[in-house]
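Here's the structure, in structure tokens; my notes come after.
In the working numbering, the protein residues as written are 292 to 780.
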């Protein structure tokens, strides 16, 4: 039996070192609907359809937006800060993994020592002597209860959560940029409408002056035309001021100075894209904030195992060896060799309830992480449903508003025609012009809201991101860089 003792001992050690006291981890349960509630043309995509991971904004087919999004990825300061934070998490994983391996230290201690004449228990011999030591120490935690492995698992899960946080920050900034750009383009269209209206009102004002000069129209008609023209002109600076604010916000997002950055005016309408929503169950894999919350729940679960392992003794294999002599000459010789080897056992006999409190805290942290995960998931479903509903209602509103625009334009044409013929006063023209401008401006506002809702829907769907990007964190942290195609590596 003696000859089998060592193999049995090593086999037992290996088996124990593979155990873990952490509970079996399962993703916190969350109610998931079979399908999203609204049914509209933009929700008819198949569940397998996904947004472009290398640039979801390309769905809007706008070259200027594409360029701005690339500049955001390269220069945004908040994104660089999030990247640095993730790199810290990677380094912490490497630090935790290092405890899985033996810790080896090497030391050299060349000392010249002089003993005190009044030293208690003074050693006999020379008062002045040399002590030359070269030594190597090895320590290895057997980790019989999985404390080290659970610590590594927790740090890896936390690093994956930080990676998802980086993706979430990147998506949030991209959504902000697209939303500000769409708002700016809507303001450009409003500016074009105001300029066209001012041009039309100028002609109407000139017409009233001509009729007044011929004695056909009154001073009141001239005053009304002048008032209408002045009111339209007053709206233009306010609109341009709002555009400037949107332009400044875009400058900050792409890492440019607001004082030097400018975008040319564009009035071409951006087409509302068809956005594949997939099934509600796929949202769990397509939202980086959901993935981050789930990984934190996994990390909290692993920390419970760390807290439980503290109840059991810590066993470390320690070995030391080297050379020691009272003279440098001949230090590297056999008589100067020393060594020691043996296990070290440490077990708390009394800690005043500290370990119990640590375990309770770890369990409570697990409950908190699970609740936060469920909260993030429910909020994500709400955001998708909200924006789907917005798109549904805005589409209906735009149809009605288009009818109003057409009706107002017909009314204006009739009023102008009747005014030229002297059949109506200029007040009828003023009312028709006001209605026409209001309906056209409202239509442009609804179109901008539609595009904004589509951008927010893309953000709620995760922007084409996938939880498959959360690969295992390796021993050596790799530098994560944000590329110009919208991905991280």
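Backbone N, C-alpha and C define an ideal beta-carbon position, used for all residues, glycine too. Here the structure is a predicted model, which is why all the values come from computation and not from measurement.
- Message: Looking at the secondary structure, which residues open and close the alpha helix (DSSP H) in which residue 420 lies?
- Response: The residue labelled residue 420 in the question sits at position 129 within the chain shown. First-last for residue 420: 419–432, but that is the beta strand (DSSP E), not the alpha helix (DSSP H).
- What does a CB cutoff of less than 6 Å around residue 334 pick up in its chain, not counting 5 residues either side in sequence? By 1-based counting over the chain shown, the position of residue 334 is 43. With a pLDDT of only 44 at residue 334, under 50, the local geometry of the prediction cannot be trusted, and no value is derived from it.
- Query: Who does residue 630 pair with in a DSSP beta bridge?
  - Reply: Taking the first residue of the chain shown as position 1, residue 630 is located at position 339. Per DSSP, 612.
- Query: By DSSP, does residue 295 sit in helix, in strand, or in coil?
  - Reply: Taking the chain shown and counting its residues from 1, the one referred to as residue 295 is at position 4. Any reading at residue 295 must be qualified, since the residue scores a pLDDT of 48, below 50, and its modelled position is unreliable; no value is offered.
- Item | Beta-carbon gap between residue 554 and residue 475 smaller than 8 Å | Residue mapping note: residue 554 aligns to position 263 of the chain shown, counting from 1. Residue mapping note: residue 475 aligns to position 184 of the chain shown, counting from 1. In this structure, residue 475 lies closer than 8 Å to residue 554 by Cβ.
- For residue 455 versus residue 586, is the C-beta distance shorter than 8 Å? Residue mapping note: residue 455 aligns to position 164 of the chain shown, counting from 1. Residue mapping note: residue 586 aligns to position 295 of the chain shown, counting from 1. Yes.
- Under the three-state DSSP convention, the category residue 624 falls into: Residue 624 sits at position 333 when you count from the first residue of the chain shown. The three-state secondary structure of residue 624, taken from DSSP, is coil.
- 7 Å Cβ shell around residue 688 - same chain, five flanking residues per side excluded: Counting from 1 along the chain shown, the entry for residue 688 is found at position 397. So the list reads 737, once near-sequence residues are dropped.
- Item | Candidates 681, 527, 532 and 493, of which the one nearest residue 514 by Cα | Indexing the chain shown from 1 puts residue 514 at position 223. Nearest option by C-alpha distance: 493.
- Task: Thinking residue 321 and residue 668 are a contact (beta carbons under 8 Å), I'd like their distance in whole angstroms, please.
- Result: Here residue 321 corresponds to residue number 30 of the chain shown, with the count starting at 1. Here residue 668 corresponds to residue number 377 of the chain shown, with the count starting at 1. Between residue 668 and residue 321 the Cβ distance is about 4 Å, and since that is below 8 Å, they are a contact.
- So what does DSSP say about residue 437, is it helix, strand or coil? Looking up residue 437 in the chain shown gives position 146. Here residue 437 sits in coil by DSSP.
- Let me know if residue 762 comes out buried or exposed under the rule of 16 or more other beta-carbons within 10 Å of its beta-carbon. As a position in the chain shown, residue 762 is number 471, starting the count at 1. With fewer than 16 other Cβ atoms from the protein chains shown falling within 10 Å of its own Cβ, residue 762 counts as exposed.
- Query: Grouping DSSP H, G and I as helix and E and B as strand, with all else coil, what is residue 566?
  - Reply: Here the question's residue 566 lines up with position 275 in the chain shown. Three-state result, residue 566: coil.
- Query: Among the residues of its own chain, which have a CB less than 8 Å from the CB of residue 557, if the five just before and after it don't count?
  - Reply: Locating residue 557 in the chain shown gives position 266, counting from the first residue. So the list reads 355, 476 and 479, once near-sequence residues are dropped.
- Query: Are the beta-carbon atoms belonging to residue 441 and residue 596 less than 8 Å from one another?
  - Reply: Taking the chain shown and counting its residues from 1, one reaches residue 441 at position 150. Taking the chain shown and counting its residues from 1, one reaches residue 596 at position 305. A Cβ-Cβ contact shorter than 8 Å links residue 441 with residue 596.
- Endpoints, alpha helix (DSSP H) assigned at residue 704: Position 413 of the chain shown holds residue 704. Unbroken alpha helix (DSSP H) run through residue 704: 645–711.
- Query: What is the rounded straight-line gap between the Cα of residue 584 and the Cα of residue 701?
  - Reply: To locate residue 584, count along the chain shown from 1; it is residue 293. To locate residue 701, count along the chain shown from 1; it is residue 410. For residue 584 and residue 701, the distance between alpha carbons rounds to 56 Å.
- Environment of residue 487 [buried if 16+ CB atoms lie within 10 Å]: Mapped onto the chain shown, residue 487 falls at position 196. Burial call: exposed.
- Close Cβ partners of residue 367 (< 8 Å) along its chain, the five nearest in sequence each way excluded: As a position in the chain shown, residue 367 is number 76, starting the count at 1. Excluding residues within five positions, the ones whose Cβ falls inside 8 Å are 464, 544, 545 and 546.
- Message: Measuring CB atoms only, is the region 379–387 touching the region 445–452, in the sense that at least three cross pairs come out at less than 8 Å?
- Response: Contact holds between the region 379–387 and the region 445–452, because three or more Cβ pairs, one in each stretch, are under 8 Å apart.
- Query: Among 429, 727 and 407, which one has its Cα closest to the Cα of residue 419?
  - Reply: The residue given as residue 419 occupies position 128 in the chain shown. Among 429, 727 and 407, the Cα nearest to that of residue 419 belongs to 407.
- Contact the region 739–758 vs the region 655–667: 3+ CB pairs below 8 Å: no
- Item | Chain-order list of residues whose beta-carbon lies under 8 Å from that of residue 268 (same chain, five-residue window excluded) | Residue 268 falls outside the range modelled here, since the chain spans only 292 to 780, and no answer is possible.
- Could you check what DSSP says for residue 719 in three-state terms: helix, strand or coil? Sequence index remark: in the chain shown, residue 719 carries index 428 (1-based). Residue 719 falls in the helix class under three-state DSSP.
- Item | CA nearest to the CA of residue 617, picked from 390, 347 and 402 | The residue you call residue 617 lines up with position 326 of the chain shown. It is 402.
- Item | Separation of residue 462 from residue 644, as counted between CA atoms | Position 353 of the chain shown, counted from the first residue, corresponds to residue 644. Position 171 of the chain shown, counted from the first residue, corresponds to residue 462. When the Cα atoms are used, residue 644 and residue 462 turn out to be separated by approximately 45 Å.
- Query: Can at least three beta-carbon pairs, one atom from the region 492–509 and one from the region 703–717, be found at a separation below 8 Å?
  - Reply: yes
- Following the continuous alpha helix (DSSP H) through residue 326, name the residue where it begins and the one where it ends. Numbered from its first residue, the chain shown carries residue 326 at position 35. No alpha helix (DSSP H) holds residue 326; DSSP gives it neither H nor E.
- Query: With which residues is residue 636 paired in a DSSP beta bridge?
  - Reply: Reading the chain shown from its first residue, position 345 is the one you call residue 636. Answer is 606.
- Message: Just verifying my parser: in three-state terms, what is the DSSP assignment at residue 595?
- Response: Stepping through the chain shown from its first residue, residue 595 is reached at position 304. It is helical.
- Could you tell me which residues DSSP puts in a beta bridge with residue 411? Residue mapping note: residue 411 aligns to position 120 of the chain shown, counting from 1. Per DSSP, none; premise fails for residue 411.
- Message: How far does the alpha helix (DSSP H) with residue 543 in it extend, from its first residue to its last?
- Response: Residue 543 sits at position 252 when you count from the first residue of the chain shown. Looking at the DSSP string, the run of the alpha helix (DSSP H) that includes residue 543 is 510–544.
- Query: Is residue 512 closer than 8 Å to residue 717 when the C-beta atoms are compared?
  - Reply: Stepping through the chain shown from its first residue, residue 717 is reached at position 426. Stepping through the chain shown from its first residue, residue 512 is reached at position 221. Contact: yes.
- Query: What number of angstroms, rounded off, separates the C-alpha of residue 678 from the C-alpha of residue 719?
  - Reply: Numbered from its first residue, the chain shown carries residue 678 at position 387. Numbered from its first residue, the chain shown carries residue 719 at position 428. Approximately 40 Å between the Cα atoms of the pair.
- Query: Can you name the residues that DSSP bridges to residue 394?
  - Reply: Counting from 1 along the chain shown, the entry for residue 394 is found at position 103. Answer by DSSP bridge pairing, in chain order: 430.
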